[in-house]
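Only one structure is covered here, and it is reproduced in the block below.
2 protein chains.
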Amino acid sequence: MHFDEEQIENLEKVYRINLINSCSGYKSANLIGSVSDEGINNLAVFSSITHLGSNPPLLGFFLRPTEIVPRHTYLNIKQNSFYTINSIQEEFADSAHHTSAKYEREISEFDITKITSENINGFPAPYVKSSSIKIGMKFVEEIKINYNKSRLIVGKIVELNVDDNLISKDGFLNLNKANIATVSGCDGYSFPKRNIRKGYQKPNKS
Amino acid sequence: MHFDEEQIENLEKVYRINLINSCSGYKSANLIGSVSDEGINNLAVFSSITHLGSNPPLLGFFLRPTEIVPRHTYLNIKQNSFYTINSIQEEFADSAHHTSAKYEREISEFDITKITSENINGFPAPYVKSSSIKIGMKFVEEIKINYNKSRLIVGKIVELNVDDNLISKDGFLNLNKANIATVSGCDGYSFPKRNIRKGYQKPNKS
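Chains as they are written, first to last, in numbering that gives the first Met the number 0: chain A, 0 to 205; chain B, 0 to 205.
Okay, here's the thing in structure tokens:
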């Protein structure tokens with residue numbers, strides 16, 4: 000099946016969203032925890048969290064201008080600088096996905112979904128207790144993408160909490176040991192069971 | 000296991016790269032095809048390709064300042080504007096991963112890996128023949144991330160070629176039907192076999 004530029008532009012809206020959202024492959028699935036100045040905890044699912052570098056350790060994620068739920072996350076990060084990124088596992092993926100529903104800012108998705116929050120060593124944003132990987136983040140930079148008015152939010156990893164059994168000798172985390180989710184499109188969840196490490200590649204000798 | 004900011008900074012280099020690269024979850028796995036002004040086709044594996052919006056249909060990816068292989072991709076895109084993004088399937092994942100080896104610019108990874116290139120309707124960059132999803136891209140914007148001197152390359156989807164059997168009625172692509180890869184860390188490949196769609200979420204009625 001071939002779609003050219005004009006055909007893509009003229010696709011029915013939901014069809015285009017599903018097609019374009021799923022064509023680039025599997026995405027990370029994480030819950031961002033944040034807190035407002037009024038002390039209301041927010042929790043929202045994101046599929047755009049991306050590795051930007053390991054030294055300094057940076058992660059980014061994208062915000063669309065029109066989205067309503069992620070805007071609470073954005074407001075909280077701008078107010079408080081700190082937020083958390085938490086892995087989603089099969090056991091609570093339904094609840095995690097439900098955080099995409101557009102609740103008012105006064106309502107905490109932790110209360111709605113019964114996902115339990117956790118305070119670790121006084122970190123100033125809520126973690127997800129059941130997550131196998133819990134990352135403490137500090138906001139460092141906001142970058143506008145002119146072409147579609149979306150924003151890249153860049154943060155630095157300031158702490159990392161990981162279940163012991165996931166860590167390999169060389170630091171690699173075996174995500175499949177914790178049934179960690181990956182998302183495709185807007186709502187397709189997979190839980191990879193197996194992982195093959197292919198190693199560092201050097202040029203073949205000619 | 001808990002790592003604080005200082006502990007992360009002091010980790011052994013390879014350990015830190017593996018840990019930080021895998022902590023944010025599964026990543027997309029794609030091959031970017033591009034061509035130099037001299038007509039040499041380039042092919043390189045990327046795990047940072049991210050959905051930025053569906054109208055206009057935009058995808059972004061990140062380039063580290065120090066990476067050598069991806070710089071060929073970058074130079075080609077700056078010269079020619081057009082490039083392709085191609086899915087990686089289990090059958091040729093070893094060859095796809097081998098494109099991360101640092102070959103000279105005069106050498107085409109298509110030749111080295113025996114991955115077959117494909118010209119579709121005269122599109123000015125090479126596709127990967129065996130890929131189930133082949134995306135034709137046009138460069139639109141380059142954005143610098145000040146904090147670590149990396150770059151976000153933004154492109155518009157100008158054509159899309161997809162195996163018929165992957166497309167659902169509502170436009171969603173079933174990546175698992177083609178054994179499409181996802182990457183964790185630098186070299187961990189998974190091929191999710193199952194996919195659960197959780198649907199659009201509305202707030203619970205109170």
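The C-beta atom is built at its ideal place from N, Cα and C for all residues, glycine as well.
In this text the structure is predicted, and so the values were computed from the model without any measurement.
C-alpha gap between B/P125 and B/G135, whole angstroms: 9 Å
Alpha-carbon spacing of B/L30 relative to A/D186, whole angstroms: 24 Å
Secondary structure, beta strand (DSSP E): runs of 3+ residues fully inside the segment 1-49 of chain A: 1-3, 29-34 and 40-45
6 Å CB neighbourhood of B/I132 in its chain, flanking five on each side removed: Contacts found: S86 and V161.
Beta-carbon proximity list for B/T115, same chain, < 8 Å, skipping 5 on both sides: F109, V127, K128 and S129
Beta-carbon neighbours of A/H97, restricted to chain B and to distances below 7 Å: Residues of chain B whose Cβ lies closer than 7 Å to the Cβ of A/H97 are, in chain order, Q200.
Integer Cβ distance of A/L174 from B/G38, believed to fall under 8 Å: Rounded, the Cβ-Cβ distance is 40 Å, inconsistent with contact.
Spatially closest choice to B/R15 from A/Y199, A/G184, A/F171 and A/A180, by CA coordinates: A/F171
Cα-Cα separation between B/F81 and A/N164, rounded to whole angstroms: The straight-line gap from Cα to Cα measures roughly 44 Å.
Beta-carbon proximity of A/T72 to A/G59, cut-off 7 Å: no
Exposed unless 16 or more other CB atoms sit within 10 angstroms - verdict on B/N17: buried
Cα-Cα separation, B/N117 to B/P202: Reading the sequence as shown, one finds Glu at residue 117 of chain B and not Asn. Using only the alpha carbons, I get a separation of about 47 Å.
Top-ranked residue by Cα proximity to A/A100, from B/M0, B/H1 and B/G198: Per the Cα distances, B/G198.
Sheet register partners of A/S53 (DSSP bridge): A/P56
Members of the segment 170-190 of chain A that neighbour chain B once the beta carbon cut-off is set at 7 Å: G170, F171, L172, L174, N175, I179, T181, S183, G184, D186, G187, Y188 and S189
Segment limits, alpha helix (DSSP H) that includes A/S86: Segment F81 to S86 is the beta strand (DSSP E) holding A/S86; no alpha helix (DSSP H) there.
Cβ shell of B/K137 (< 7 Å), same chain only, five flanking positions each side left out: Hits under 7 Å: S80, F81, G154, K155 and V157.
Cβ neighbour criterion (16 or more within 10 Å) applied to A/P64: exposed
Contacts of B/K77 in chain A (Cβ-Cβ under 7 Å): None at all; the shortest Cβ gap to chain A is about 17 Å.
CA nearest to the CA of A/N41, picked from A/N120, A/T112 and A/G184: A/T112
Cβ of A/D3 within 7 Å of any chain B Cβ: So yes, A/D3 belongs to the interface.
Simplified DSSP assignment, three categories, for B/K77: It is helical.
is_contact[B/N85, chain A] using C-beta, thresh 7 Å: no
Inter-residue Cα distance where the pair is A/R150 and A/K204: Approximately 44 Å, taken between the alpha carbons.
A/K128 at chain B interface by Cβ criterion, 7 Å: no
Delimiting residues of the alpha helix (DSSP H) encompassing B/E108: E108 to T112 is the extent of the alpha helix (DSSP H) around B/E108.
Where B/A177 sits in the DSSP three-state scheme: In this structure, B/A177 counts as helix in the three-state DSSP scheme.
Own chain residues within Cβ distance below 6 Å of B/S94, not counting five before or after: T112 and I114
Any C-beta of chain B under 7 Å from that of A/D163: yes
Alpha-carbon spacing of B/T98 relative to B/A43, whole angstroms: So the alpha carbons of these two residues sit roughly 5 Å apart.
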